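K.L.:
The opening position of the sequence shown corresponds to residue 0 in numbering that gives the first Met the number 0, with each subsequent residue numbered one higher.
Okay, handing you the structure first.
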Amino acid sequence: MELLIMINACKIASSSRVTAVIPCFPYARQDKKDKSRAPISAKLVANMLSVAGADHIITMDLHASQIQGFFDIPVDNLYAEPAVLQWIRENITEWKNCIIVSPDAGGAKRVTSIADRLNVEFALIHKERKKANEVDRMVLVGDVKDRVAILVDDMADTCGTICHAADKLLSAGATKVYAILTHGIFSGPAISRINNASFEAVVVTNTIPQEDKMKHCSKIQVLSHRQNQAMRHLL
């Protein structure tokens, strides 16, 4: 609501152009009607931003790329992939023996792109949910034995999925497990789960401030330089 008020204030003050930088787009997971009477909240947010007076939107790694189509104004959706590739090459000494893993089938395109750029293999985990934030069963597709497994996803909320995925990868023979996320929401028991999980590190961008979370979890690392540069170029 504050963002909408600020956009409108700029517009009625005769600003020629208003660009809203929204690194973590709100309600991005509600991008479709997946059950009876469910709202498409991402579309509602898009409408509200347009009505408030925004002329241009900049986001980072939208949960669903089709959200860009909810707008009638230009949308630049930046990707964390360049920063992810740089971090892997600079911080994982065994990266040439790594395997990039998606914790769900929906992230397959993301991990295959990163795996191709690194010239390594990829795997994915098929998960079945009983209800939101609860995973019933996981099936690993791919061979992670004697390799460094790098879980890559766009966001983590309560972290139940990635922590279960880490256990699955280690039991399948992975030597180490890292997690790299664009949006670290880390709600509820997330920090406790990460602390108790077998991650070498959980790497996130700064689309959501992590200073307080980092005080309680030494495994969380933040990368931000590349995204900041890209946003400055667009602005």
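Backbone N, C-alpha and C define an ideal beta-carbon position, used for all residues, glycine too.
Since the model is a prediction, treat every value here as computed from it, not as a measurement.
Among D211, P188, S64, L168, which has the Cα closest to the Cα of F121?
P.N.:
Numbered from its first residue, the sequence shown carries residue 121 at position 122. For the residues D211, P188, S64, L168, the minimum Cα distance to F121 belongs to L168.
K.L.:
Provide the residue span of the alpha helix (DSSP H) that contains I179, from first to last.
P.N.:
Counting from one through the sequence shown, the residue named residue 179 turns up at place 180. Looking at the DSSP string, I179 is not in any alpha helix (DSSP H); the run it does join, the beta strand (DSSP E), is 175-183.
K.L.:
Assign I161 to one of two classes, buried (16 or more other C-beta atoms within 10 Å of its C-beta) or exposed (fewer than that).
P.N.:
For the purposes of this step, residue 161 is taken as residue 162 along the sequence shown, with counting starting at 1. When all chains shown are included, I161 counts as buried.
K.L.:
Along the chain, where does the beta strand (DSSP E) containing T58 start, and where does it finish?
P.N.:
In the sequence shown, counting from the first residue as 1, residue 58 sits at position 59. Residues 55-59.
K.L.:
Here's the rule I'm using: 16 or more other beta-carbon atoms within 10 Å means buried, otherwise exposed. How should G68 be labelled?
P.N.:
Here the question's residue 68 lines up with position 69 in the sequence shown. Burial call: exposed.
K.L.:
Can you tell me the Cα-Cα spacing of Q65 and R36, whole angstroms?
P.N.:
By one-based count along the sequence shown, residue 65 stands at place 66. By one-based count along the sequence shown, residue 36 stands at place 37. Computed Cα separation, rounded: 21 Å.
K.L.:
Report all residues from its chain with a CB closer than 6 Å to the CB of V110; omit the five preceding and five following residues, and keep chain order.
P.N.:
Taking the sequence shown and counting its residues from 1, the one referred to as residue 110 is at position 111. Within the same chain, V110 has close Cβ partners I99, S101, F121, V151.
K.L.:
In this structure, how does DSSP classify A155 when only helix, strand and coil are distinguished?
P.N.:
Residue numbering aside, residue 155 sits at position 156 when the sequence shown is read from its first letter. A155 falls in the strand class under three-state DSSP.
K.L.:
In this structure, does DSSP put E32 in helix, strand or coil?
P.N.:
As a working note, residue 32 is residue 33 in the sequence shown. The sequence given here has Lys at residue 32, not Glu. Coil at K32, not helix or strand.
K.L.:
Using the rule of at least 16 other Cβ atoms within 10 Å of the residue's Cβ for burial, across every protein chain shown, is I11 buried or exposed?
P.N.:
Residue 11 sits at position 12 when you count from the first residue of the sequence shown. Residue environment analysis places I11 among the exposed positions, since fewer than 16 neighbouring C-beta atoms fall within 10 angstroms of its C-beta.
K.L.:
Leaving out five residues before and five after K31 in sequence, what residues of the same chain have Cβ atoms less than 7 Å from its Cβ?
P.N.:
Residue 31 sits at position 32 when you count from the first residue of the sequence shown. Hits under 7 Å: I39.
K.L.:
Leaving out the 5 sequence neighbours to the left and right, which residues in its chain are closer than 6 Å to D239 when beta-carbon positions are compared?
P.N.:
Nothing in the structure corresponds to residue 239, since the chain is present only between 0 and 234.
K.L.:
State the start and end residues of the unbroken beta strand (DSSP E) segment that holds I72.
P.N.:
One-based indexing of the sequence shown puts residue 72 at position 73. It is not in any beta strand (DSSP E) - I72 carries neither H nor E in the DSSP assignment.
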